[in-house]
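Encoded as structure tokens, the structure appears first; notes follow it.
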Amino acid sequence: MKRTRFYPYQQKLGGRMIEFFGWEMPVEYSGIISEHMAVRQKAGLFDVSHMGEIHVRGPQTLDFLQHLTPNDVSKLTPGQAQYTALTTPQGTFVDDMLIYCLEPGFYLLVVNASNSDKDFRWVADHASRFQVKVENLSEAYSQLALQGPAAEKILQPLTEIPLADMKSFHTAQGRVAGIDSLVSRTGYTGEDGFEVYSRDPSPGRLWEAIVERGKSYGLLPIGLGARDTLRLEAKLMLYGNDIDETTTMLEADLKWVIKFKKGDFLGRDVLLKQSEEGVGRKIVGFELLDRGIARPHYPVLVGGEQVSQVCSGTFSPFLKKSIGLVYLPIGQTEIGTEFEVGLRGQKAKARVVPTPFYKRPAA
Amino acid sequence: MYPGDYYYTKDHEWVQVKGQEAIVGITDFAQKQLGDVVYVQLPEVGAKLAAHQSIGTVESVKAVSDVFSPVSGEVSAVNAELANAPELLNQDPHGKGWIMKLKLTAPKEAETLMKAGDYERFLEGLDKQT
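Residue numbers (the numbering used here), protein chains in the order written: chain A, 71 to 433; chain B, 36 to 165.
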């Protein structure tokens with residue numbers, strides 16, 4: 071199993087390790103609920119070095135990325151990032167990802183750990199018609215996420231990058247705790263916060279300095295368990311649960327990511343047709359009205375017939391109820407529609423609710 | 036850690052026998068494996084249980100787990116506090132986090148289960164496998 075460069079620090083802090091797509095990662099430290107609430111109310115530090123990083127550069131990089139992704143890469147200037155996807159010709163997901171524009175003609179793609187090899191092959195295979203160089207730097211990059219309302223206060227004394235001026239989805243390069251880093255105001259929790267990337271072979275001081283500086287703010291180290299409950303409350307998609315190569319971007323309710331006017335891209339024809347004619351099913355958020363937790367793959371029934379299964383589903387530590395995402399046939403997707411979830415042989419009532427389940431209070 | 040006057044099962048339940056009665060719960064090892072418990076499904080008072088019969092489920096954020104009766108008997112009480120405060124199972128699994136009381140069918144039956152020392156060795160064995 072692979073370990074990140076921060077592994078020894080996590081072990082020292084009592085992280086309970088599990089295997090996650092070939093990586094030995096902490097699932098929890100002090101407990102999912104306390105970690106979750108620390109991020110909502112104070113701050114949390116995540117090691118997300120297992121994520122994949124791909125560099126794309128060369129004179130035709132912009133055209134190339136416009137071809138591979140549905141969002142408009144031309145809108146990015148150096149120092150900006152966007153949420154987007156690698157789409158198949160069918161308008162479904164090879165993966166979802168972030169694109170960072172580092173310099174004109176030089177971009178960083180940040181992809182899911184579970185897909186990083188597949189994504190690199192996909193990008194490299196499509197590169198032959200373009201003057202671009204594609205490099206898989208997943209092993210070289212480490213990445214930490216510092217999330218929560220106290221994130222800026224914790225990070226600012228550790229870097230000369232002015233963080234107060236950094237807007238959401240903006241980035242800057244500079245030193246953090248003496249380590250050369252790329253800092254972006256991004257995250258996967260629904261809170262304010264930062265992601266810090268570094269290619270330093272010994273980035274340990276980053277972890278140590280943030281933990282030390284965060285102590286007086288109530289910062290906790292956070293495992294994959296709370297990472298999942300946090301992102302689900304914010305209705306951020308998880309590849310493999312909520313989206314994959316069988317779900318289109320429109321079914322996944324990600325129309326805001328698609329910029330049809332930018333010109334052609336992989337899957338555009340299918341998505342445009344779906345956009346005009348409507349989709350047959352759509353992902354919706356639900357809450358369970360009965361006790362229990364609707365977990366991934368549990369059957370979803372409408373009128374007694376199984377129509378689908380739970381994509382993501384968990385207990386929401388913030389709302390203190392069971393929430394989840396599911397694809398339902400159009401006609402069953404209105405807010406307030408009730409259906410049933412099979413919970414280990416018993417049926418529990420569920421109701422379609424507005425999403426995101428959690429929205430952070432305006433600053 | 037594990038009270039010397041309790042008996043333990045391989046499914047990580049404990050039973051404390053007091054004459055014709057017994058108290059049943061899950062072990063500290065079980066609660067640590069589950070993490071934060073958020074729902075506990077309890078048996079009904081008056082239910083007649085055979086040893087190894089399922090008595091309900093304990094559900095944490097991470098997982099759902101069946102709980103089995105370590106011995107046979109009739110449910111005489113359940114810990115109703117767990118409905119409002121399931122975290123008692125994490126905080127005090129061998130005490131305030133008890134699950135049910137039983138009127139025992141065969142008071143000697145518990146003696147076939149593991150004692151504290153045996154259970155601790157059993158856990159060490161599990162640890163080596165992982």
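Ideal Cβ placement from N, Cα and C applies to all residues, glycine included. Note that this is a predicted model, so its numbers are computed, not measured.
- Under the Cβ distance rule, E94(B) counts among the residues neighbouring chain A, one pair being separated by less than 8 Å.
- Around the beta carbon of W326(A), a 10 Å sphere encloses fewer than 16 other beta carbons of the protein chains shown; the residue is thus reported as exposed.
- Taking all protein chains in view, the Cβ of H47(B) is crowded by 16 or more other Cβ atoms within 10 Å, so the residue is classified as buried.
- DSSP, read as helix, strand or coil, puts N206(A) in strand.
- Here P140(A) really is in contact with I328(A); their C-beta atoms are around 4 Å apart, less than 8 Å.
- Residue ranges of uninterrupted beta strand (DSSP E) with 3 or more members, entirely inside the stretch 106-189 of chain A and ordered along the chain, are 114-117, 122-127, 150-157, 163-173, 176-181.
- When beta bridges are read from the DSSP output, D101(B) appears opposite T92(B).
- A direct Cα-to-Cα measurement between L158(B) and K45(B) gives close to 9 Å.
- Chain A has no Cβ within less than 8 Å of the Cβ of V113(B).
- Given a length threshold of 4 residues, the stretch 296-344 of chain A has no whole run of the alpha helix (DSSP H) inside it.
- Fewer than three Cβ pairs drawn from the stretch 265-282 of chain A and the stretch 305-315 of chain A lie within less than 8 Å of each other, which leaves the two stretches out of contact.
- Taking a Cβ-Cβ threshold of 8 Å, the residues of chain B close to T299(A) are V96, in chain order.
- When C-beta atoms of the stretch 316-324 of chain A are compared with those of the stretch 156-174 of chain A, three or more pairs fall below 8 Å, so the two segments count as touching.
- Excluding its 5 nearest sequence neighbours in each direction, A112(B) has C-beta neighbours in its own chain below 6 Å: K136, listed in chain order.
- Three or more Cβ pairs closer than 8 Å define a contact, and the stretch 167-179 of chain A falls short of that threshold against the stretch 100-118 of chain A.
- Not one beta carbon of chain B lies nearer than 8 Å to the beta carbon of G161(A).
- Taking 8 Å as the CB threshold, G128(A) stays off the interface with chain B.
- For G91(B), not one C-beta of chain A is nearer than 8 Å to its own C-beta.
- Judged by their CB atoms, V96(B) and D71(B) are nearer to each other than the 8 Å cut-off.
- Distance from the Cα of N119(B) is smallest, within the candidate group V396(A), V377(A), R361(A), for R361(A).
- Each residue's CA atom was taken as its position, placing Y153(A) and E261(A) some 16 Å apart.
- By the Cβ criterion, the stretch 90-108 of chain A is in contact with the stretch 293-308 of chain A, since at least three pairs of Cβ atoms, one from each stretch, lie closer than 8 Å.
- Selection A82(B), Y37(B), E94(B), G108(B) evaluated against E56(B) yields G108(B) as nearest (Cα-Cα).
- In this structure, the alpha-carbon of D40(B) lies about 25 Å from that of T92(B).
- Across the structure, V110(B) and W49(B) are spaced so that their CA atoms are roughly 15 Å apart.
- Among the residues facing chain B, G362(A) is included, as its CB has a counterpart in that chain under 8 Å away.
- Only residues of its own chain outside the window of five on either side were considered, and among them V164, D165 have a CB closer than 8 Å to the CB of K188(A), listed in chain order.
- Taking C-beta atoms under 8 Å as the contact rule, H137(A) and L336(A) qualify, at a distance of about 7 Å.
- Counting every other CB atom within 10 Å of its CB across the protein chains shown gives E209(A) a total below 16, marking it as exposed.
- With fewer than 16 other Cβ atoms inside 10 Å of its own Cβ, T147(B) counts as exposed.
- Within the same chain, G122, S208 come within 7 Å of S186(A) by CB-CB distance, once the 5 residues on both sides are set aside.
- Burial is judged here by how many other beta carbons sit within 10 angstroms of a residue's own beta carbon; L161(B) has fewer than 16 and is exposed.
- Distance from the Cα of G92(A) is smallest, within the candidate group A183(A), V246(A), K285(A), for A183(A).
- Here A364(A) is actually not in contact with L371(A); their C-beta atoms are around 12 Å apart, not less than 8 Å.
- According to the DSSP assignment, V281(A) belongs to the alpha helix (DSSP H) that extends over 274-284.
- Per DSSP, A221(A) is one residue of the alpha helix (DSSP H) stretching across 221-225.
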